[in-house]
Amino acid sequence: MSIDLSVALGPLVLKNPVLVASGTFGYGLEYAELMDVSALGAVIVKTITPRPRPGNPAPRIWETSGGMLNSIGLANVGVDAFIAEKLPQVRQLGTAIIVNIAGATVEEYWEVVEKLDPHSGFDAYEINVSCPNVKDEGMAFGASCPVTAQIVSGIRKRTNRPIIPKLTPNVTSVAEVARACADAGADALSLINTLVGMAVDVRTRKPRIATVTGGYSGPPIKPIALAKLHEVRKAVSLPLIGIGGISTADDALEFIITGASAVEVGTANYVQPDSAIQIISGLRKYCETHGLSRMQDLVGTLDTGAR
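Numbers -10 to 296, taken from the working numbering, label the letters of the sequence shown in order.
Listed below in structure tokens is the structure:
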């Protein structure tokens, strides 16, 4: 039986619905030595900012029971070096490339797009709106519907490539932010980004990471991520990418059935580098077992019992 795993994220068509999350897969080049990266639906490269960033001071990663905390601080080479040094190699990976971008101000997001967009070798933008806005006392851009809409609409004016805002769960209503993104011209949405978390060393009475709090990810956040996805699915009609605690094919299937057209694998990449490849294989087997010829037919088939 021939299985069509391809999915559409607005105008972007992927060979399968399994992507690797920004910040957990480098620029894809490192993993290419370990696995067939071309088999992935897409690689989302680590966040790019207008200028190079060294990241936050150490310690900036702490393993928790079942998950991890990180406060890397968007360490990256900056957009100019990315274009000159990384993009020529990234475009050779043999699959769709999505560039995750961020800034400290609204204008910095636009600046990254203005520099990147004339170049070939990538297919879409994922917009990290979980960054602190230096003009608004450090509040995350994604916590404000008007500011998020301003970022997205400004990017829409600067590119014809698909725009995928990555939503933070650390808001009162993720559905309202999703609607603001849709109205501003987004092509798809990815969710959720990490939850805010912390850990304490009881012997020294110091936080486990230097910034005190960081992004919490891993299997324990999956139920929260699913609930947020379900909330957003009811609010907008845009294609969704599910993120949060995905490490097996069954995890991915939960998101797809709930309404995600695709999923991102993040923390699991650290535990099992080829976990995304194994998930793709598991999705194919599920379709074969359940007589599905197209993965797209499974999206949003959740039966809540509502009549």
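All residues carry an ideal CB built from backbone N, CA and C; glycine is no exception.
- In this model, Phe14 and Thr290 are separated by some 30 Å (Cα to Cα).
- Excluding five sequence positions before and after Thr157, the CB atoms of its chain that fall closer than 6 Å to its own CB belong to Ser119, Ala129, Gly131, Asn182, given in chain order.
- Buried is the label assigned to Gly92, since at least 16 other Cβ atoms lie within 10 Å of its Cβ.
- At the C-beta level, Leu63 and Arg42 come within 8 Å of one another.
- A contact is defined here as three or more CB-CB pairs under 8 Å, and the region 208 to 223 fails this definition with respect to the region 72 to 83.
- Shown here, Ile72 sits in a helix according to DSSP, grouped into three states.
- Distances from the alpha-carbon of Ile152 to those of Val160, Thr161, Ser162, Val141 put Val141 closest.
- Between the C-alpha atoms of Arg192 and Cys170 there is a straight-line separation of about 45 Å.
- Asp176 and Val88 have their C-alpha atoms some 15 Å from each other.
- Looking at the DSSP output, Tyr98 bridges to nothing.
- Per DSSP, the continuous beta strand (DSSP E) segment holding Ala31 begins and ends at 31 to 37.
- Remark: three or more beta-carbon pairs, one from each stretch, lie closer than 8 Å, so the region 227 to 238 and the region 248 to 266 are flagged as touching.
- Distances from the alpha-carbon of Ala173 to those of Gly(-1), Gly294, Asn5, Ile144 put Ile144 closest.
- In the DSSP assignment, Tyr20 falls outside any beta strand (DSSP E), carrying neither H nor E.
- Note on Glu22: under 16 other CB atoms within 10 angstroms of its CB, so exposed under the neighbour-count rule.
- Secondary structure remark: continuous alpha helix (DSSP H) runs of at least 4 residues inside the region 217 to 293, in chain order: 238 to 247, 257 to 260, 264 to 278.
- In the DSSP assignment, Ala(-3) falls within the unbroken beta strand (DSSP E) covering -4 to -2.
- When C-alpha distances from Ala113 are compared across Ser133, Ile90, Glu100, the shortest belongs to Ile90.
- Looking at the DSSP output, Ser179 sits in a beta bridge with Lys155, Ile230.
- Taking C-beta separations shorter than 7 Å and ignoring five residues to either side along the sequence, the partners of Tyr275 in its chain run Ala238, Leu242, following chain order.
- In the three-state reduction of the DSSP assignment, Lys211 falls in the helix class, which pools H, G and I.
- The beta carbon of Asp263 is closer than 8 Å to those of Leu23, Met24 in its chain, skipping five residues each way along the sequence.
- Residue burial is scored here from C-beta neighbours: Glu115 has at least 16 other C-beta atoms within 10 angstroms and is therefore classed as buried.
- For Glu165, the CB contacts under 6 Å within the same chain, skipping 5 residues up- and downstream, are Cys134 in chain order.
- Between Ala167 and Ala224, the C-beta spacing is below 8 Å.
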